[in-house]
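S.K.: The structure's right below; bear with me while I get my questions together.
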Ligand SMILES: Cc1cc2nc3c(=O)[nH]c(=O)nc-3n(C[C@H](O)[C@H](O)[C@H](O)COP(=O)(O)O)c2cc1C
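In the UniProt record's numbering, the protein residues as written are 1 to 386.
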């Protein structure tokens, strides 16, 4: 049997703090710290603990060249090799090693930058709810806990006096820009007219043109910029109340301009999933349509292979798409939202996607505003909330 190390692995010296009761009563330090080594490997999707002997084996076995297991056991000890194989930090070529090997190979095939794979895999949420710690971030409470935030502007010394710029005239985009705000009070009864949903999806996520840029290499021209022109972000729609669209999960096809049904749901199940997607942020869950933005990372990483900037660029792509989505919703007379506080793992499961290849980036949504405002919003011209 041959073995090698998994493709991406980081080891963290993890400090865990506790109360040292004996120290406290004897007048010493009340704080105790214990240390352990935690291995973070994105293909495993969970942290595992290793010891010093394991670390020597992990440091001595490469991730490219396969070597005989006996040889590894001779060099690093059978116990560590067996343990690391069982943990999935080493992979083997035996038939029963297939599940872990397949995860490792999927990770390799995407061309992730290792640190980006790590940030993505371990930055995901699953099952975050009010009961498990989600709460509305109240500014007053934050100020009480953290003190005031850093000031909203910086005043650098400058190499000379600041240049006063001419006043800005009102112009075409202003009406939309000034009416845009993050909605947190959606009308629970209202639905989204189908032509509005269609325009939003097409103009925010649809292709306006398709260009051949190389042999068998097509790019889509959309109304937002995208790193490398590759547009890796797919739009998955959770329809709760969209006229003419049964509640459920759909994939929006940016060229065909169609919604492919993935799972049809009854209204209650769609509402529950909407709340779950946005990690119990009830102020967003009533929006009649949510769009989960999911990056097919291999589309970007095809060009930006193992690249330190690639994941950042994909994140920026999501931001651009969401702003275009906001502006289109505003044009249609509705508020919109975007949130990164989402249950990535629940979204992946609902859509049947693999986080190593399809990275949930954020969720946006929109819909008509309710008459009453129960949750804070920052609409232009509003008085200060405090
Ligand atoms: C990347 C990103 C993540 C956000 N996440 C949340 C969120 O989790 N919950 C929320 O209520 N608002 C969220 N927002 C909305 C911001 O709070 C909002 O944009 C900000 O308060 C300014 O208000 P405005 O959009 O009405 O101008 C997010 C915005 C961005 C750009």
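Glycine included, each C-beta is placed from N, C-alpha and C at the ideal position.
Given the structure is predicted, the values throughout are model-derived calculations rather than measurements.
When you compare only the Cα positions, how much space is there between residue 280 and residue 127?
M.R.: So the alpha carbons of these two residues sit roughly 9 Å apart.
S.K.: Could you give the first and the last residue of the continuous beta strand (DSSP E) run that contains residue 261?
M.R.: Segment 258-264, the beta strand (DSSP E) holding residue 261.
S.K.: So residue 107 and residue 61 are supposed to be a Cβ contact under 8 Å. How far apart are they, rounded?
M.R.: With 8 Å as the limit, residue 107 and residue 61 do not qualify as a contact, their Cβ atoms being about 17 Å apart.
S.K.: Are there any heavy atoms of ligand 1 lying less than 7 Å away from the beta-carbon of residue 363, as far as the coordinates show?
M.R.: The answer is no for residue 363.
S.K.: Is the beta carbon of residue 20 sitting closer than 8 Å to the one on residue 30?
M.R.: Yes. Within cutoff.
S.K.: Among 22, 183 and 93, which one has its Cα closest to the Cα of residue 372?
M.R.: Among 22, 183 and 93, the Cα nearest to that of residue 372 is on 183.
S.K.: Could you tell me the alpha carbon to alpha carbon distance between residue 33 and residue 305, rounded to whole angstroms?
M.R.: Their Cα atoms are separated by approximately 40 Å.
S.K.: Mind checking whether residue 387 and residue 300 have CB atoms under 8 Å apart?
M.R.: The structure shown does not extend to residue 387, since the chain is modelled only from 1 through 386, so no value can be given for it.
S.K.: Just to confirm, are residue 278 and residue 360 a CB contact at a threshold of 8 Å?
M.R.: No, they are not a contact pair.
S.K.: I'd like the list of long-range same chain contacts for residue 282, defined as Cβ closer than 7 Å, with 5 residues on each side in sequence excluded.
M.R.: Excluding positions up to five away in sequence, the list reads 275.
S.K.: Let me know if residue 264 comes out buried or exposed under the rule of 16 or more other beta-carbons within 10 Å of its beta-carbon.
M.R.: Exposed, by the Cβ-count rule.
S.K.: Where residue 241 and residue 18 are concerned, what is the direct C-alpha to C-alpha distance, given to the nearest angstrom?
M.R.: So the alpha carbons of these two residues sit roughly 49 Å apart.
S.K.: Curious, which full-length alpha helix (DSSP H) runs of at least 4 residues does the region 64-140 contain?
M.R.: As far as the region 64-140 is concerned, its whole alpha helix (DSSP H) runs of at least 4 residues are 69-76, 78-87, 98-110 and 114-122.
S.K.: Do the CB positions of residue 351 and residue 262 come within less than 8 Å of each other?
M.R.: Contact flag set, yes.
S.K.: Rounded C-beta distance between residue 292 and residue 223? I'm assuming under 8 Å.
M.R.: Rounded, the Cβ-Cβ distance is 19 Å, inconsistent with contact.
S.K.: Look up residue 384 in the DSSP assignment and say whether it is helix, strand or coil.
M.R.: Coil at residue 384, not helix or strand.
S.K.: Quick check on this structure: which residue in 328, 14, 80 and 251 has the alpha carbon closest to the alpha carbon of residue 195?
M.R.: Ranking the options by Cα distance to residue 195, first place goes to 328.
S.K.: With C-beta atoms as the reference, is residue 296 less than 8 Å away from residue 385?
M.R.: It is not a contact, given that the beta carbons lie outside the stated cut-off.
S.K.: Could you check what DSSP says for residue 315 in three-state terms: helix, strand or coil?
M.R.: Three-state DSSP puts residue 315 in a helix.
S.K.: Rounded to whole angstroms, what's the CA-CA distance from residue 252 to residue 334? Just pull it up for me.
M.R.: Going from the Cα of residue 252 to the Cα of residue 334 covers about 21 Å.
S.K.: Would you mind reading off the limits of the beta strand (DSSP E) that contains residue 337?
M.R.: Taken as a continuous stretch (DSSP letters only), the beta strand (DSSP E) holding residue 337 covers 336-339.
S.K.: At a Cβ threshold of 8 Å, is residue 345 touching chain C?
M.R.: Protein chains in the displayed structure number just one, and chain C is not present.
S.K.: Give me the Cα-Cα distance between residue 217 and residue 380, rounded to the nearest whole angstrom.
M.R.: For residue 217 and residue 380, the distance between alpha carbons rounds to 44 Å.
S.K.: Less than 8 Å between the C-beta atoms of residue 286 and residue 186, yes or no?
M.R.: Yes. Within cutoff.
S.K.: Residue 82 to residue 353, Cα distance in whole Å?
M.R.: One C-alpha to the other measures close to 31 Å.
S.K.: Alpha carbons only, please: which of 161, 181, 114 and 7 is nearest the one belonging to residue 64?
M.R.: Comparing Cα positions, the closest option is 7.
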